[in-house]
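From first to last, the protein sequence lines are chains W and A.
Following this note's numbering, the numbering of the first sequence begins with 1 at its first residue and continues without gaps.
Following this note's numbering, the numbering of the second sequence begins with 1 at its first residue and continues without gaps.
For every residue, glycine included, the Cβ atom is placed at its ideal position computed from N, Cα and C.
What follows is a set of notes on a single structure, which appears directly below.
Protein chains: 2
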Amino acid sequence: MAYELHYWPGIQGRGEFVRLALEAAGAPYVDVARGDEDEGAGLPAMLHYLEDASVARPPFACPFLVDGRKVIGQTAAILLYLGPRLKLAPAGEADRLWLHQVQLTLADLVAEVHELHHPIASSLYYEDQKKEALRRSEDFRRTRLPKFLGWCEAVLQRNAGNAQREVPRLVGARLTYADLSLFQVVDGLLYALPKATRRTLRKTPLVAALHEGVPRQRRLAAYLASERRIPFNTQGIFRHYPELDA
Amino acid sequence: MAYELHYWPGIQGRGEFVRLALEAAGAPYVDVARGDEDEGAGLPAMLHYLEDASVARPPFACPFLVDGRKVIGQTAAILLYLGPRLKLAPAGEADRLWLHQVQLTLADLVAEVHELHHPIASSLYYEDQKKEALRRSEDFRRTRLPKFLGWCEAVLQRNAGNAQREVPRLVGARLTYADLSLFQVVDGLLYALPKATRRTLRKTPLVAALHEGVPRQRRLAAYLASERRIPFNTQGIFRHYPELDA
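Right under this line is the structure:
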């Protein structure tokens with residue numbers, strides 16, 4: 001049975017981290033909220049899980065995955081669940097937990113990227129918190145972005161065998177969901193903050209090599225060239241407001 | 001062998017979520033950074049894992065747990081690991097994943113509580129971002145706090161059997177680490193934002209009952225009355241600045 005991915009249509013957002021894993025693995029899935037309401041899909045099908053009191057274990061927010069009777073929310077938890085099933089996680093509890101740790105740290109970075117343009121409230125427009133966003137982005141470019149990507153670089157440096165690999169891996173020798181997520185984070189940052197991100201990537205060459213190499217995977221390349229890949233835009237998490245970059 | 005917990009001394013912070021689990025289970029553990037440098041503990045012992053290039057799998061930040069050769073960062077990942085070992089998690093993959101989802105959602109709430117007093121940058125003092133904090137806290141009190149605690153209330157309502165229990169549980173019939181964490185979040189919120197939190201708790205009676213009942217567990221009660229429990233203060237995540245409450 002196909003997995004059901006539930007996420008806002010029209011943006012990549014946090015749903016994209018799950019989508020990349022499903023696409024790279026060639027797993028059958030339905031992107032429910034982008035489907036047709038007349039066929040039982042669309043937004044109402046997604047909102048059912050978030051709003052209907054009959055759902056025993058309601059996700060707090062999307063994305064969430066429905067696999068048979070299981071409803072799994074929280075991006076990192078979804079990938080923890082899918083990783084072994086899609087062969088995008090190593091064997092063994094210790095390695096899987098380390099992979100999950102890396103993913104949770106990337107999730108923290110993604111949360112900070114969202115706060116860049118919404119430092120006061122998600123419920124307000126960017127224009128209503130632009131002054132605060134200018135202050136916040138300055139600190140992000142100077143301290144947080146180098147710290148996060150610097151940590152990813154250290155993880156890549158210390159993963160044995162990367163020196164011999166054309167495309168470095170975060171955990172173990174094979175592609176994992178965290179590699180896909182780091183590709184996505186860097187891709188989003190290059191869209192949102194091209195100047196600051198390029199400057200940081202010059203100091204994190206393994207992160208840059210991963211970002212360049214990961215999309216060459218055959219299935220991923222096909223996905224990225226397809227209409228299923230929603231372009232970055234200023235509704236998503238990674239937003240390009242030139243005034244926030246430098 | 002005793003678990004090693006590594007966290008900043010002097011504040012509860014995110015380390016407290018791990019500490020509560022270890023204490024409630026009566027597990028042997030060493031609070032490393034609060035120990036004596038002359039005996040190989042203290043801050044240098046913690047900073048080794050964060051800063052030394054010889055650490056193969058460096059945590060991004062504390063808290064982290066050291067169990068033999070394993071080094072596990074990210075609060076929710078630590079609890080995912082400890083849960084079954086401390087008998088603070090249900091049996092079965094689906095139930096454990098749901099418990100982890102609940103924990104990750106509480107972690108999101110904790111992150112937003114931190115942003116309340118640091119909406120611009122962690123590297124700046126509160127006083128240097130107070131104007132922005134006033135704006136952010138207004139939205140938090142009005143929309144985010146009711147949304148998060150309302151979701152916890154729904155989770156408690158829908159967990160079968162809670163109507164018959166004196167102290168409701170988030171997942172299953174027995175105490176889990178998420179119950180301990182929700183107790184801690186509410187306790188911290190009552191310290192930081194007493195007015196807004198009391199108002200919200202009147203609409204979430206099961207959350208209030210959990211917060212009242214959980215600390216009656218024998219080992220937890222002993223811990224909370226001991227000197228090991230660091231009092232809340234304005235260095236931690238939950239900070240009482242009266243101007244942010246209403």
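Integer Cβ distance of residue i from residue j, believed to fall under 8 angstroms
i, j, result
"residue 197/A", "residue 206/A", "That belief does not hold up - the Cβ atoms of residue 197/A and residue 206/A are roughly 15 angstroms apart, past 8 angstroms."
"residue 223/A", "residue 23/A", "4 angstroms"
"residue 18/W", "residue 65/W", "7 angstroms"
"residue 49/W", "residue 58/W", "6 angstroms"
"residue 132/W", "residue 138/A", "Contact flag wrong, Cβ pair sits at about 13 angstroms."
"residue 13/A", "residue 236/A", "5 angstroms"
"residue 20/A", "residue 184/A", "6 angstroms"
"residue 166/A", "residue 213/A", "6 angstroms"
"residue 141/W", "residue 246/W", "6 angstroms"
"residue 106/W", "residue 76/A", "No, residue 106/W and residue 76/A are not in contact; Cβ-Cβ is about 14 angstroms, not under 8 angstroms."
"residue 70/A", "residue 94/W", "6 angstroms"
Neighbour list for residue i in chain W, Cβ cutoff strictly below 7 angstroms
i, result
"residue 291/A", "Outside the shown range of chain A, which is 1 to 246, sits residue 291/A, and nothing can be said about it."
"residue 123/A", "139, 143"
"residue 73/A", "101"
"residue 151/A", "60"
"residue 98/A", "57"
"residue 111/A", "111"
"residue 14/A", "Ordered by position in chain W, no residue passes the 7 angstroms Cβ test against residue 14/A, which lies about 12 angstroms from the chain."
"residue 239/A", "Residues of chain W passing the Cβ test: none, with the nearest at roughly 18 angstroms."
"residue 216/A", "Neighbours of residue 216/A on chain W: none; closest Cβ ~27 angstroms, over 7 angstroms."
Own chain partners of residue i with C-beta closer than 6 angstroms, once the 5 adjacent residues on each side are dropped
i, result
"residue 149/W", "200, 204, 207"
"residue 192/W", "238, 239, 240"
"residue 256/W", "One cannot answer for residue 256/W here, as it falls past the ends of chain W, which runs 1 to 246."
"residue 188/A", "238"
"residue 55/W", "49"
"residue 168/W", "156, 162, 206, 209, 210"
"residue 83/A", "89, 177"
Other residues of its chain near residue i: CB distance less than 8 angstroms, five sequence neighbours each side excluded
i, result
"residue 170/W", "99, 102, 152, 155, 156, 159, 176, 178, 179, 182, 210"
"residue 35/A", "41, 42, 45"
"residue 309/W", "What the structure shows of chain W is the stretch from 1 to 246, and residue 309/W is not part of that stretch, so it cannot be assessed."
"residue 220/W", "20, 23, 24, 180, 214"
"residue 118/W", "124, 126, 129, 133"
"residue 216/W", "167"
When the options are compared against residue i, the one with the closest alpha-carbon
i, options, result
"residue 194/A", "243/A, 110/A, 89/A, 28/A", "243/A"
"residue 130/W", "115/W, 86/W, 144/W", "115/W"
"residue 78/W", "117/W, 6/W, 42/W", "6/W"
"residue 11/A", "246/A, 212/A, 227/A", "227/A"
"residue 4/W", "74/W, 142/W, 68/W", "68/W"
"residue 267/A", "38/A, 25/A, 2/A", "The structure shown does not extend to residue 267/A, since chain A is modelled only from 1 to 246, so the question has no answer here."
"residue 9/W", "1/W, 30/W, 2/W", "30/W"
"residue 186/A", "232/A, 225/A, 118/A, 2/A", "232/A"
"residue 146/W", "168/W, 120/W, 109/W", "109/W"
"residue 61/W", "127/W, 234/W, 15/W, 120/W", "15/W"
"residue 121/W", "124/A, 136/A, 70/A", "136/A"
"residue 88/W", "161/W, 216/W, 229/W, 27/W", "27/W"
Interface residues of chain A facing residue i [CB-CB closer than 7 angstroms]
i, result
"residue 104/W", "74, 76, 77"
Other residues of its chain near residue i: CB distance less than 7 angstroms, five sequence neighbours each side excluded
i, result
"residue 144/A", "112"
"residue 32/A", "4, 5, 6, 41, 45, 46"
"residue 37/A", "44"
Chain-ordered neighbours of residue i on chain C, where CB pairs are closer than 7 angstroms
i, result
"residue 70/A", "Among the protein chains in the structure shown, which are W and A, there is no chain C."
Under 8 angstroms from the C-beta of residue i: neighbouring residues of chain W
i, result
"residue 132/A", "119, 120, 132, 135"
"residue 2/A", "What residue 2/A touches in chain W: nothing, since even the nearest Cβ is about 19 angstroms away."
"residue 163/A", "Result: empty, since nearest Cβ-Cβ is about 15 angstroms, beyond 8 angstroms."
"residue 202/A", "Going along chain W, no residue has its Cβ under 8 angstroms from residue 202/A, so there is no contact; the nearest lies around 20 angstroms."
"residue 85/A", "Going along chain W, no residue has its Cβ under 8 angstroms from residue 85/A, so there is no contact; the nearest lies around 11 angstroms."
"residue 250/A", "Outside the shown range of chain A (1 to 246) lies residue 250/A, about which nothing can therefore be said."
Contact set between residue i and chain W, taken where Cβ atoms lie within less than 9 angstroms
i, result
"residue 115/A", "115, 119"
"residue 81/A", "93, 97"
"residue 196/A", "Simply none; closest approach about 15 angstroms."
"residue 199/A", "Residues of chain W passing the Cβ test: none, with the nearest at roughly 19 angstroms."
Partners in chain A for residue i, counting only beta-carbon separations shorter than 8 angstroms
i, result
"residue 154/W", "53, 58"
Where residue i meets chain A, residues with beta-carbon distance less than 9 angstroms
i, result
"residue 169/W", "The premise fails here: residue 169/W is roughly 14 angstroms from chain A at the closest Cβ pair, so nothing lies under 9 angstroms."
"residue 247/W", "As shown, chain W starts at 1 and ends at 246. That puts residue 247/W outside it, with no answer to give."
"residue 19/W", "The premise fails here: residue 19/W is roughly 19 angstroms from chain A at the closest Cβ pair, so nothing lies under 9 angstroms."
Item to check | Ordered list of alpha helix (DSSP H) runs contained in the segment 130-184 of chain A, each at least 4 residues | outcome: If we require 4 residues or more, the alpha helix (DSSP H) runs fully inside the segment 130-184 of chain A come out as 130-139, 145-158.
Checklist entry - Taking only runs of the beta strand (DSSP E) that begin and end inside the segment 202-233 of chain A, which ones reach a length of at least 3 residues, in chain order? => result Listed in chain order, nothing qualifies, since the segment 202-233 of chain A has no complete beta strand (DSSP E) run of 3 or more residues.
Item to check | Unbroken stretches of the alpha helix (DSSP H), 4 residues or longer, contained in the segment 22-61 of chain A | outcome: Uninterrupted alpha helix (DSSP H) stretches at least 4 residues long and entirely within the segment 22-61 of chain A occur at 42-51, given in chain order.
Checklist entry - Where in the segment 76-140 of chain W do unbroken runs of the alpha helix (DSSP H), each at least 4 residues long, occur, reported from the N-terminal end onward? => result Here the runs fully enclosed are 93-117, 130-139.
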